[in-house]
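Each residue of the sequence shown is one higher than the one before, counting from 751 in the numbering used here.
Notes follow once the structure below has been shown.
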Amino acid sequence: MKRILVIGATGQIGTELVPALRKLYGNDNVVAGYHSKPPTGKLTEGPVEQVDVLSKESVEKVIKKYDINEVYHMAAILSAAGEKNPQLAWRVNMDGLYIILELAREYGFRIFWPSSIAAFGPSSPKVNTPQVTVMDPTTMYGITKYAGELLTRYYAYKFGVDVRGVRYPGIISSEALPGGGTTDYAVEIFYHALEGKKYQCYLREDTMLPMMYMPDAVKAAIQLMNADRSKLTIMSGYNVAAFSFTPKQLELEIRKYIPEFQVEYVPDFRQKIADSWPKSLDDSVARSEWGWSPDWSFEAMVKDMLVKLAQKLGKTEVLERIK
């Protein structure tokens, strides 16, 4: 039986990953681990523990208490937030990962750890970025993700730790607000549209980036963790893709349902980060080795986001128009 700990359970992905895992394996078998933001709503329907990923004793206590055999290590300082405090980003992203890997070596539990498109850089091919290519990240977040890929693979090959992960593109969620990433605009824009506010986008209108809807992000994690290990050649850092779009394309798709919506484009420091990232990803290795394929298209994602957020915000008049 799986006994799972999700570290970073109150983050953007963790908020939806925990309920999905509990639905599969039972509420009592999935522990929601949080640091500073206490869980609410669905996250409280099973065991909850405060976990400091920078304290081996804090994590080890929970591992032993619940006899954990699988950890989804989702705690991280993201790209934009990491540039404001690179020292903290290094500590959380690298020291925290090292602690989890050391505990896995000692206790034998399996790990899911996500990398990111931020691991690529200006010299990486921008279109259909290959699985194996030049990696020269320019942000502290990207540096920690690329270093993390190398470290997790070392622990897999040197110590036999079963650690797996994907390189996530930008993630779009209707449940949790984003937490300091360069692709946050792709969630913020929906709230402004539904509230009748003009949105000021911090990226150029033609900035093409790979993105993914949260249900597919959750699906990728669970599917990879259930894959036959003997068929996995990379373990950590699989490219996974769904769709790519620009801020302008997203604006126009939203305006199909809310024609009066307006966006102003005022690029800031995040533009330079976005310019260093891929426009699209080649995820053929993930598709061939563990059967990855996304369920959601760009158009279906936009409509579903508008419906769910309109319900959440009580915008009944907009909801009628969308449906």
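For glycine and all other residues, C-beta sits at the position ideal for the given N, C-alpha and C.
In this text the structure is predicted, and so the values were computed from the model without any measurement.
For residue 950, tell me which candidate among 934, 1015 and 755 has the shortest Cα-Cα distance. Closest in C-alpha terms to residue 950, from the list 934, 1015 and 755, comes 1015.
Between the alpha carbons of residue 817 and residue 751, how many angstroms are there, rounded? Roughly 11 Å separates the two Cα atoms.
Could you spell out where the alpha helix (DSSP H) holding residue 799 opens and where it closes? No alpha helix (DSSP H) holds residue 799; the beta strand (DSSP E) holding it covers 798-800.
Per DSSP, which residues does residue 962 bridge with? Please list them. Beta-bridge partners assigned by DSSP to residue 962: 921.
Name the DSSP bridge partner or partners of residue 820? In the DSSP assignment, the residues bridged to residue 820 are 754 and 860.
What separation, rounded to the nearest whole angstrom, lies between the Cα atoms of residue 919 and residue 999? One C-alpha to the other measures close to 17 Å.
What first and last residue would you give for the beta strand (DSSP E) that runs through residue 1015? 1013-1015 is the extent of the beta strand (DSSP E) around residue 1015.
Got a sec, what are the start and stop residues for the alpha helix (DSSP H) residue 949 sits in? Counting along the chain, residue 949 falls outside any alpha helix (DSSP H), though it belongs to the beta strand (DSSP E) covering 949-951.
So if DSSP puts residue 916 in a beta bridge, which residue, or which two residues, is it bridged to? Answer is 988.
Taking C-alpha atoms, which residue in 837, 876 and 784 lies nearest to residue 894? The alpha carbon of residue 894 has as its nearest neighbour, out of 837, 876 and 784, the alpha carbon of 837.
What residues in its chain sit with their C-beta under 7 Å from that of residue 1061, if we drop five residues either side in the sequence? Here the set comprises 1069.
Based on Cα-Cα distance, which residue from 790, 796 and 785 lies nearest to residue 777? With distances taken between Cα atoms, residue 777 lies closest to 796.
If you follow the alpha helix (DSSP H) that residue 906 is part of, which residue opens it and which one closes it? Run containing residue 906: 890-909, per the alpha helix (DSSP H) assignment.
Go ahead and label residue 800 buried or exposed: buried means 16 or more other beta carbons lie within 10 angstroms of its beta carbon, across all protein chains shown. Burial check for residue 800: the Cβ neighbour count within 10 Å stays below 16, so the residue is exposed.
Just reading off the alpha helix (DSSP H) that residue 1007 is part of, what are its end residues? Counting along the chain, residue 1007 falls outside any alpha helix (DSSP H), and DSSP gives it neither H nor E.
Euclidean distance between Cα positions of residue 766 and residue 926: Cα to Cα, the separation comes out at about 8 Å.
Give me whichever residues DSSP pairs with residue 1031 in a beta bridge. Note: residue 1031 sits in a beta bridge opposite 879.
Would you kindly report the start and end of the unbroken alpha helix (DSSP H) that includes residue 1068? Start and end: 1066-1072.
Assigned secondary structure, residue 995 (DSSP; H/G/I helix, E/B strand, else coil): For residue 995, the secondary structure class from DSSP, reduced to helix, strand or coil, is strand.
So, with DSSP's three-state summary, where would you put residue 776? Residue state, collapsed to three classes: coil.
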